[in-house]
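Colleague: One structure, pasted below without further comment.
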DNA sequence: TGTTTGACTGGGA
DNA sequence: CTCCCAGCCAAAC
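Numbering (my numbering), first residue to last: 2 to 113.
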């Protein structure tokens with residue numbers, strides 16, 4: 002039977018879509034916003050499925066230290082860094098420069 | 001149906 | 001920020 006309510010994956014998509022241009026967030030921040038604090042891995046798994054959607058800027062989602070852990074899932078892998086640089090985010094050695102400044106926390110910005 | 005894996009995180013050193 | 005260890009939960013095999 003169909004699930005009328007939004008799935009965990011869908012919830013992740015909604016939050017990622019709300020990430021402002023030129024900003025990045027972490028998997029844990031999204032998971033925390035969804036109330037699944039310990040399920041940060043599921044966010045990454047959801048992003049894997051989100052890869053099918055054009056509306057989900059997965060390149061704006063990195064790990065807690067600003068490391069582009071999911072870049073290998075992009076086509077090509079350099080695409081993730083390239084997209085971030087287009088948004089004005091500096092990336093060095095697969096890591097977001099000035100990560101703290103571009104960090105966007107949904108639990109704070111959206112203030113659930 | 002049980003085991004393995006994974007785009008992670010937090011705590012301690 | 002870095003390295004190591006343990007916990008976490010759902011999807012995939």
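Ideal Cβ positions, reconstructed from N, Cα and C, are used throughout, including at glycine.
Enumerate in chain order the residues of its own chain whose CB-to-CB distance from residue 14 is below 6 Å, with the five nearest sequence positions on each side excluded.
Modeller: To locate residue 14, count along the first chain from 1; it is residue 13. Taken in chain order, the residues that qualify are 51, 57.
Colleague: Can you confirm whether the region 21-38 touches the region 93-113 when touching is taken to mean that 3 or more C-beta pairs between the two stretches lie within less than 8 Å?
Modeller: Counting Cβ pairs under 8 Å, three or more are found: they touch.
Colleague: In terms of residue numbering, what span does the alpha helix (DSSP H) encompassing residue 106 cover?
Modeller: The sequence position of residue 106 within the first chain is 105, counting from 1. Taken as a continuous stretch (DSSP letters only), residue 106 belongs to no alpha helix (DSSP H), as it is neither H nor E.
Colleague: Assuming contact is defined by CB atoms lying nearer than 8 Å, are residue 67 and residue 97 in contact in what I supplied?
Modeller: Here residue 67 is taken as the residue at index 66 of the first chain, counted from 1. Here residue 97 is taken as the residue at index 96 of the first chain, counted from 1. Contact: yes.
Colleague: At the level of alpha carbons, what is the spacing between residue 47 and residue 11?
Modeller: If you number the first chain from 1, residue 47 lands on position 46. If you number the first chain from 1, residue 11 lands on position 10. About 8 Å.
Colleague: Give me whichever residues DSSP pairs with residue 26 in a beta bridge.
Modeller: For the purposes of this step, residue 26 is taken as the residue at position 25 of the first chain. Residue 26 pairs with 62.
Colleague: According to DSSP, is residue 97 part of a helix, a strand, or is it coil?
Modeller: What you label residue 97 is simply residue 96 of the first chain in a count that begins at 1. Correct three-state label for residue 97: strand.
Colleague: Around the C-beta of residue 45, are 16 or more other C-beta atoms found within 10 angstroms, so that it is buried, or is it exposed?
Modeller: As a position in the first chain, residue 45 is number 44, starting the count at 1. Answer is buried; the Cβ neighbour count reaches 16.
Colleague: Ordered along the chain, which non-local residues of its own chain (more than five positions away) have a Cβ less than 8 Å from that of residue 9?
Modeller: Numbered from 1 along the first chain, position 8 holds the residue referred to as residue 9. Closer than 8 Å at Cβ, skipping near neighbours: 35, 37, 40, 43, 47.
Colleague: In chain order, which alpha helix (DSSP H) runs of at least 4 residues are fully inside the region 31-80?
Modeller: Segments of the alpha helix (DSSP H) lying fully in the region 31-80: 41-51.
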